[in-house]
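Novice:
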Amino acid sequence: MSQTISRKILFAGARGDFSAVAESLLRRGYEVQSCAEGSQALEKALALMPDLVVVDVDLPLIEGARLAQILRANPRTAKLAFIFVGPEGGEVEGFRRHRDHYLVRPFNTEQVLSVTLGHLLRQERTEQVTRQGKQVEGSLEQVSLTDMLQIFGHNRKDGLLTLERGEQRGTIALLEGSVINARVGQVEGEKAFFRLLAWEQGRFSFAPGIPADEVRITRPLEHLIMEGLRQVDELNAYAADLPRAESLLFLKVPLERMPRGLRPTTQEILVLLEYYQRVDEILDHCPRSDYDILQILRILLEKGLIEERREESGADEEHAPLLHSDEVIRIKDRFGERDTLLEGSTVKLVLFVADSDDIHHFVNYLQSLPDFEPDPRFVNGSASAGVHDLGLLRMGDTFALRLITLPAAAAAAPLWSPFCRRLFGALSPVGGAGLEVAESFFAHRADVPLARVAFSPGTADAFFLERGNREGLRRLLVFLLTQLTQKDLP
């Protein structure tokens with residue numbers, strides 16, 4: 001393999017296990033030198049000015065990490081790239097992700113050789129691209145964006161770098177080697193640059209010349225790259241905990257009732273949520289970095305101030321709350337909980353029963369819903385036509401309906417009054433015998449919304465509750481909510 005430019009590699013390690021790699025590189029025409037301790041490595045690096053240093057982190061006299069710090073403090077060797085070799089899980093202070101590599105010991109010769117040759121080949125391709133004075137293009141898999149930008153910076157290039165990945169397109173404007181602006185979609189400036197820095201696949205083209213962009217980025221190139229890569233690493237590390245770009249977000253608490261003392265950035269994002277629901281829309285319209293925005297959204301979700309829904313149909317819709325956050329707020333308002341919107345609470349929903357069959361049909365329906373959380377005492381007890389706490393019907397993280405059965409016979413009337421407090425509504429099953437007295441009591445004397453329900457089709461004036469059908473239950477709950485909020489407070 002012939003080299004246009006003779007590449008220089010310095011190996012620094014006392015174990016002697018770099019020798020096979022060094023010999024292989026010598027046969028390929030590279031200039032190679034080796035040393036066994038840190039002071040020699042420092043002297044040789046300053047004299048040789050290598051393109052790459054392969055160093056053992058446990059190098060005697062001057063450790064590998066310290067050697068890198070000393071050389072990078074010298075302007076002549078500040079841009080040196082290192083391959084560190086050390087134990088699994090080891091960390092190197094000052095490690096530069098866009099330039100350095102870390103290999104775990106024990107290693108095999110082919111592994112070190114592959115990483116070394118790959119680094120040198122990318123460096124050569126990048127320099128070939130940036131040396132040309134005409135428009136050039138290539139693949140990001142072969143020439144990394146960070147390497148390309150650093151060479152542009154070193155050679156003080158002017159021009160426009162265009163990146164394409166699928167249907168996405170972005171540009172980076174350079175003036176005398178400095179990045180002055182970046183654009184991707186409707187976003188520009190540092191925010192756009194940080195997004196583009198995460199692209200590891202796609203095509204690029206560079207057109208030399210003075211760019212027409214306004215100067216929107218003033219941070220030095222090296223600092224810009226380091227900050228961008230930090231954000232990329234953070235986003236990758238926390239990806240599983242952050243809301244997805246296609247998710248929909250909704251306020252669970254009105255802006256005027258949000259806790260006081262929120263940071264300005266948090267307030268800015270909450271205001272945007274009144275106009276934009278998709279996460280990617282919020283990312284595009286907020287000037288803060290994507291990482292900062294997603295972290296704030298994550299915290300707001302954890303605190304229950306906003307809720308996330310997926311913009312998908314089918315199975316995901318089956319897991320959406322039966323009542324939306326604004327509807328839950330109306331219920332809590334109705335029961336005097338304006339100042340405790342984020343605290344958990346329940347209200348009651350009763351079912352009149354004439355016999356145990358009514359309970360059986362109702363429970364059979366509830367068990368088909370993922371929102372139902374049965375009470376263990378009822379599950380382990382009998383299903384007679386009496387008072388039973390069936391369990392909870394979850395409406396979200398902070399609200400639920402407690403489902404209770406009440407005997408409908410007139411003789412049970414003394415039991416009804418205690419259940420009128422915090423009562424959301426009452427259900428009367430179609431076909432039940434002797435329900436009229438209970439219906440009259442709750443609809444007129446207790447002033448509670450009343451709805452008729454059916455567990456088999458064919459009844460026109462009742463809500464049909466078919467197993468697995470959450471939409472029928474949602475219509476019933478919205479009906480009760482509408483009736484409840486139209487009534488005067490007791």
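Going by UniProt numbering, the final residue of the sequence shown carries number 490, and the count climbs one at a time with no gaps. Don't be surprised by glycine CBs; every beta carbon is placed ideally from N, CA and C.
1. So is residue 114 buried or exposed if we call it buried at 16+ other beta carbons inside 10 Å?
2. Give the list of continuous alpha helix (DSSP H) stretches no shorter than 4 residues that lie fully inside the stretch 354 to 427.
3. State the DSSP-derived secondary structure class of residue 474, mapped to helix, strand or coil.
4. When you compare the CB positions of residue 103 and residue 92, do they come within less than 8 Å of one another, or not?
5. Identify whether residue 154 lies in helix, strand or coil by the three-state DSSP scheme.
6. Any idea what DSSP makes of residue 16, helix, strand or coil?
7. Measure the Cβ-Cβ separation of residue 196 and residue 163 and say whether it is below 8 Å.
8. Just to confirm my understanding: we take residue 101, look at its own chain, exclude 5 residues before and 5 after, and list those with CB closer than 6 Å. What are they?
9. If the criterion is Cβ atoms closer than 8 Å, does the pair residue 299 and residue 282 meet it?
10. Quick one: any contact between the stretch 205 to 225 and the stretch 264 to 280, if contact means 3 or more CB pairs under 8 Å?
11. Considering residue 284, what are the terminal residues of the beta strand (DSSP E) in which it resides?
12. Roughly how many angstroms lie between the CA atoms of residue 51 and residue 194, to the nearest whole one?
13. Using the three-state DSSP reduction, which class does residue 192 fall into: helix, strand or coil?
14. Residue ranges of each beta strand (DSSP E) run of no fewer than 3 residues wholly in the UniProt domain "Response regulatory" (8 to 120), ordered along the chain?
15. Out of 387, 357, 343 and 265, point me to the one whose CA is closest to residue 349's CA.
16. Who are the near neighbours of residue 173 in its chain, counting only those whose CB is closer than 6 Å to its CB and skipping five residues on each side?
17. Can you give me the C-alpha to C-alpha distance between residue 476 and residue 309, rounded to a whole angstrom?
18. Output yes or no for whether 8 Å exceeds the beta carbon distance between residue 140 and residue 231.
19. For residue 241, which option in 359, 479, 372 and 294 has the closest C-alpha, if you only look at C-alpha atoms?
20. Determine the direct distance from the alpha carbon of residue 323 to that of residue 148, and round the result to whole angstroms.
21. Exposed or buried, residue 457, counting other C-beta atoms within 10 Å across all chains shown (16 or more means buried)?
22. Rounded to whole angstroms, what is the Cα-Cα separation between residue 304 and residue 397?
23. What does the Cβ neighbour count give for residue 238, buried or exposed, with the cut at 16 atoms within 10 Å?
24. Specify the secondary structure class of residue 334 as computed by DSSP and reduced to three states.
25. Can you tell me whether residue 361 is buried or exposed? The criterion is at least 16 other CB atoms within 10 Å of its CB, across all chains shown.
26. List the whole-angstrom C-beta distance separating residue 450 from residue 443, where the pair is believed to meet the contact cut-off of C-beta under 8 Å.
27. State the CB to CB distance for the pair residue 401 and residue 392, rounded to an integer number of angstroms; the pair is presumed to be in contact (CB under 8 Å).
28. Between which two residues does the beta strand (DSSP E) holding residue 222 run?
29. Use the C-beta contact count for residue 423: other C-beta atoms within 10 angstroms, 16 or more gives buried, fewer gives exposed.
30. Of the choices 370, 441, 376 and 80, whose alpha-carbon is the least far from that of residue 468?
31. Taking residue 183 as the reference, give the member of 176, 175, 168 and 177 with the closest Cα.
32. Excluding the 5 residues flanking residue 292 on each side, which residues of the same chain have their C-beta closer than 8 Å to its C-beta?
Specialist: Quick answer:
1. Exposed is the call here.
2. 356 to 366 and 376 to 379
3. Residue 474 falls in the helix class under three-state DSSP.
4. no
5. helix
6. Coil.
7. Contact: yes.
8. 83 and 115
9. No, these two residues do not count as a Cβ contact at 8 Å.
10. no
11. That residue, residue 284, is in no beta strand (DSSP E); its alpha helix (DSSP H) goes 279 to 285.
12. Taking the straight line from one Cα to the other gives about 27 Å.
13. Residue state for residue 192 is assigned as helix, using DSSP reduced to three classes.
14. 8 to 12, 31 to 35, 52 to 56, 81 to 86 and 101 to 104
15. Of the candidates 387, 357, 343 and 265, the residue whose Cα lies closest to the Cα of residue 349 is 387.
16. 160, 180, 181, 211 and 213
17. A direct Cα-to-Cα measurement between residue 476 and residue 309 gives close to 22 Å.
18. no
19. 294
20. 53 Å
21. exposed
22. 7 Å
23. So residue 238 ends up on the exposed side.
24. Residue 334 falls in the helix class under three-state DSSP.
25. buried
26. 4 Å
27. 7 Å
28. For residue 222, there is no enclosing beta strand (DSSP E); the enclosing alpha helix (DSSP H) covers residues 221 to 237.
29. buried
30. 370
31. Per the Cα distances, 168.
32. 265
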